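Report on the structure given below.
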């Protein structure tokens, strides 16, 4: 009888999961590279993925840089009836924002824009909305409305409505952002969509997970739990390290062929779906690329031969007593112009390169991150 109850409970949890298909679109980096504008973009827009993780006391404005190579986006609806938007689901921020019909910037022209007057459930907010990017800004107002996500609805969700945006945002393959970090790092002071979903009883467990496929289709964001069909073995759970407002974990060491090549005394890293590659301190990333025989350029991109990738070693991340092995098929990025490693200088961040190899779960209630070998 007890086993029947467990099976029934499992079915209820699985049926209560919210599934949002993610599409792997061509990134800004790929688009500008095809147009021969890659060097121009790099010179014009500085790349500092650390900016959005700075504490408030260290900034007067809110600096933020979205990685031009992030590629995964899904669809949400806002308002009644819902107006639909392609959004980046970003575990490195907490705010939800989309362009407004009042946006006068040319960068808004190619994106879908929210019309508040067309929604019967919209309520205007009293706070302004502004994000300062290294490459520009996005600013406007705030409001509250119903968010359609998968087949369910989140009521009275605060979100930002941009009325001016940096030209850099013109080429991103999504219209807006849904932040999946904790509410206490929200820039507009609102409750994030995860907390609202949990408080409104929409999801069966206070967690979410991501499966990122290498194909155009097949990726998925799962709200409310995990799906074992997307991974093999078991999920290895890791407690958050130091800060509890972002998805920070502690890496004990990184090794190649048994040799420690980075994080010898441990290091703190963010798990961020809004970053395309693996970021780490400059000297240690140079050491990793050196072991791979990669040749870095002035922007930190390190090239390797596309013909010898099968000879490259696995890179092992030792985290909380577990070993997560990253093969060259995961960390070598191929494009029409050649092959590069998926490592770049900056603060330690485990981005898409790591998350494609390992199904990633985020336990909000217990403040844990889980990794399992992606199926």
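In mature numbering (1 follows the signal peptide of the UniProt record, and there is no 0), the protein residues as written are -16 to -1, 1 to 359.
Heads up, the beta-carbon is just placed ideally off N, CA and C, and yes, glycines get one too.
Keep in mind that this is a model prediction, so the values were computed, not measured.
Next on the checklist: Assuming residue 124 and residue 148 are in contact, meaning their beta carbons sit under 8 angstroms apart, how far apart are those beta carbons, in whole angstroms?
Outcome noted: 7 angstroms
Next on the checklist: So, with DSSP's three-state summary, where would you put residue 251?
Outcome noted: Residue state, collapsed to three classes: strand.
Item to check | Where the beta strand (DSSP E) through residue 195 begins and ends | outcome: Start and end: 191 to 195.
Item to check | Nearest-angstrom Cβ-Cβ length linking residue 263 and residue 332, presumed shorter than 8 angstroms | outcome: 6 angstroms
Next on the checklist: Can you check which of these residues, 142, 121, 2 and 129, is closest to residue 111 by C-alpha distance?
Outcome noted: The option with the nearest alpha carbon to residue 111 is 142.
Checklist entry - Which runs of the beta strand (DSSP E), 3 residues or longer, sit entirely within the region 244 to 315? => result 251 to 255, 262 to 264, 286 to 288, 299 to 303 and 306 to 310
Next on the checklist: As a quick exercise: from 206, 225 and 203, pick the residue whose alpha carbon is nearest that of residue 252.
Outcome noted: 225
Next on the checklist: If contacts are defined as beta-carbon pairs under 8 angstroms, then residue 60 and residue 175 qualify, I think. What distance do you get, rounded to the angstrom?
Outcome noted: For a cut-off of 8 angstroms, the C-beta gap from residue 60 to residue 175 is around 16 angstroms, too long to register as a contact.
Checklist entry - Taking all protein chains shown into account, do 16 or more other C-beta atoms lie within 10 angstroms of the C-beta of residue 79, making it buried, or fewer, making it exposed? => result Around the beta carbon of residue 79, a 10 Å sphere encloses 16 or more other beta carbons of the protein chains shown; the residue is thus reported as buried.
Item to check | Range covered by the beta strand (DSSP E) that runs through residue 74 | outcome: 67 to 74
Checklist entry - Rounded to the nearest angstrom, how far is the Cβ of residue 204 from that of residue 352, given a contact under 8 angstroms? => result So it is not a contact: roughly 20 angstroms between Cβ atoms.
Checklist entry - Thinking just about the alpha-carbon of each residue, which of 121, 146, 57 and 91 is nearest to the one in residue 100? => result 146
Checklist entry - Expressed to the nearest angstrom, what Euclidean distance is found between the alpha-carbon atoms of residue 220 and residue 194? => result Residue 220 and residue 194 have their C-alpha atoms some 15 angstroms from each other.
Item to check | Residues near residue 271 in its chain [Cβ-Cβ closer than 7 angstroms; skip 5 each side] | outcome: 245 and 246
Checklist entry - Within this structure, are the beta carbons of residue 346 and residue 192 separated by less than 8 angstroms? => result yes
Next on the checklist: Which same chain residues end up closer than 6 angstroms to residue 85 when comparing Cβ atoms and leaving out the 5 residues on each side of it in sequence?
Outcome noted: 97 and 99
Next on the checklist: Going by DSSP in three states, residue 180 sits in which element: helix, strand or coil?
Outcome noted: helix
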